[in-house]
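The opening position of the sequence shown corresponds to residue 0 in numbering that gives the first Met the number 0, with each subsequent residue numbered one higher. Cβ coordinates follow ideal geometry from the N, Cα and C atoms, glycine included.
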Amino acid sequence: MEKIGVLMTSPMSTYLEQELSSRFNLFKLWTQSCKSKFLQQNSSHIKAVVGDTKCGADSELIESLANLEIVASYSVGLDKINLDTCRDKGVRVTNTPDVLTDDVADLAVGLILAVLRRVCVGDEFIKCGKWKSCELALSSKFSGKSVGIVGLGRIGLAVAKRATAFGCPIGYHSRSQKSCANYKYYSNIIELATNCQILIVACSLTEETHHIINRKVIDALGRDGILINIGRGAHIDEPELVSALLEGRLAGAGLDVYENEPEVPEQLFGLDNVVLLPHVGSDTEETSKVMADLVIGNLVAHFSKKPLLTPVI
Ligand code: NAP
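Structure representation (C-alpha cells):
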C-alpha cells in the first residue's frame, strides 16, 4: 500500500524525521529550492503537515493542499497555525501540551536566577581571567521577591509552583480568575506589573496578547523590575523593551523568545543585565523525544481513525 504523504515544514528533530520517514512518505519543505513549484507538483499526495514554532501552517499552505486532513504541531503554541482556515476546511489540528511544561518552567527560573544572580557575568568574569585582578559586584536576591505571571496556564502554573518554593508571593493576570490557584488575581496587567518585582510572560500569543507588554506595563514594572519572556517574542513591544533597558527604566530581562527570530536586537548584546537564549524553552533531549512521539501518535491515531491524543480541533 502506498505510504501517506506527510509534509514537514522545517527541521525540528532528527528523531522525528527518522520516525516520520519510516512510517510515511515524508516531504521536507525546507529542502525545496522552489516551494510553490514543489507544492504544485506534490500537493495532492500530502494529507498531513507537521509544523513548529518556526514554520507552522498559514492559510496559504493549508489552501494549497487540497487533500490535507491534519496539522500536527511540534509545539504547544498555536500562533503559527491558521486555526480559522483549518476549521473552515475541516482540517484537524493537534499540538504537544503538558509534556514540555516542566522544561519551560525550569528555564524561566533559570533565567530569573541568571539575571538576578548574574550567572553569565560571573562565568565570563572567570573565563576572561578578571577574578585575579578584581571583585565581582554584588547581585540581587531571588528568594522572597514578588512574582507576577501573565497567563496562569500549564506553564504559568508550573512557574508559580517553582517560585513559591523560593518563598515568592505570586500574582497573576489572565482573562479570568482561576479557582484552583491560591494566588492573587489582577484583572489589569498594569496593576500586576505595579505590584511585582519579577514579571514573567507565559500566555499564548493571540491578537489580544500581541504587545501585551508595552511601554505602560514596562514603566509600571519600573526601574527595579525584571522582565522574563518564555512565551512568544511578539508578546513584548521589543523596541520599547530595548529603550527601557538602555535608559535604565528596567533593571533587567531574561529572554528566550524574540519578535523576529532569529533576529535579536543588537543593542541588547552589550548589556550585562540581560540574559538571552535562542528559543530553547522545551529543547531538552528528553522532552524533544516525547514531543516527537506525541506528534507521531496523533498522526497514527488520525490515519487509523482512532481518537486524537491531544486534539485542538
Ligand atoms: P495554556 O495552558 O493554554 O496557557 C495559556 C495561558 O494564556 C492561559 O493561562 C490563558 O489564560 C492565557 N491567556 C490567553 N489569552 C490571554 C489574554 N488575552 N490575556 C491574558 N492571558 C491570556 O498554554 P501553556 O501550555 O501554558 O503554554 C503557554 C505558551 O507558552 C504557549 O502558547 C507558547 O506560546 C509558549 N511556549 C514557549 C516555549 C518556549 O520554548 N519558550 C515552549 C512552550 C510554550 P486565560 O484563558 O485564563 O486567559
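Alpha carbon to alpha carbon, what distance is there between residue j and residue i?
i	j	result
N187	H172	7 Å
I80	G89	14 Å
P277	A159	23 Å
N194	G232	23 Å
K288	S72	14 Å
K27	L60	14 Å
E62	I154	32 Å
T286	I148	23 Å
Y185	L156	15 Å
I311	S58	Looking at the sequence provided, one finds Val at residue 311 rather than Ile. So the alpha carbons of these two residues sit roughly 17 Å apart.
G224	K2	54 Å
T52	V294	14 Å
L151	T309	20 Å
E265	T30	29 Å
E241	E206	Rather than Glu, the amino acid found at residue 241 in this sequence is Val. Approximately 22 Å between the Cα atoms of the pair.
L245	I189	21 Å
V108	A162	8 Å
D271	A192	23 Å
A243	V274	15 Å
I199	V120	22 Å
Can residue i be considered in contact with the ligand NAP, in the sense that its beta carbon sits closer than 6 Å to one or more heavy atoms?
i	result
E207	yes
L151	yes
C202	yes
D255	yes
I229	yes
I154	yes
V103	yes
S281	yes
V75	yes
R174	yes
L99	yes
Just to check, is the beta-carbon of residue i closer than 6 Å to a non-hydrogen atom of the ligand MN?
i	result
P96	Because the ligand MN does not appear in the structure shown, any question about it cannot be addressed here, the ligands present being the ligand NAP.
Output needed for residue i: all residues of its chain with C-beta closer than 6 Å, excluding positions within five of it in sequence on either side, in chain order.
i	result
I125	none
R214	E239
V48	L6, A56, V70
T8	L28, G50, C54
R116	S138
I211	H234
Tell me which residues share the same chain as residue i and place their Cβ nearer than 8 Å to its Cβ, disregarding the 5 neighbours each side in the sequence.
i	result
C85	A56, I61, V70, R91, V92, I312
E258	G232, A233, I235, E237
As an exercise, report each continuous alpha helix (DSSP H) stretch of at least 4 residues that is fully enclosed by the region 66-90, in chain order. Taking 4 residues as the minimum length, the alpha helix (DSSP H) runs contained wholly in the region 66-90 are 82-88, in order along the chain.
Which complete beta strand (DSSP E) runs does the region 17-43 hold, if anything under 3 residues is left out? 24-27, all fully within the region 17-43.
Counting only runs of 4+ residues fully inside the region 141-183, write out the alpha helix (DSSP H) ranges in chain order. List check, alpha helix (DSSP H) in window: 153-164.
Going residue by residue through the region 272-310, where are the continuous beta strand (DSSP E) segments of at least 3 residues, counting only ones entirely within it? Runs of the beta strand (DSSP E) inside the region 272-310: 273-275.
Within the region 228-278, note down every full beta strand (DSSP E) run reaching 3 residues or more, in order along the chain. Runs of the beta strand (DSSP E) inside the region 228-278: 251-254, 273-275.
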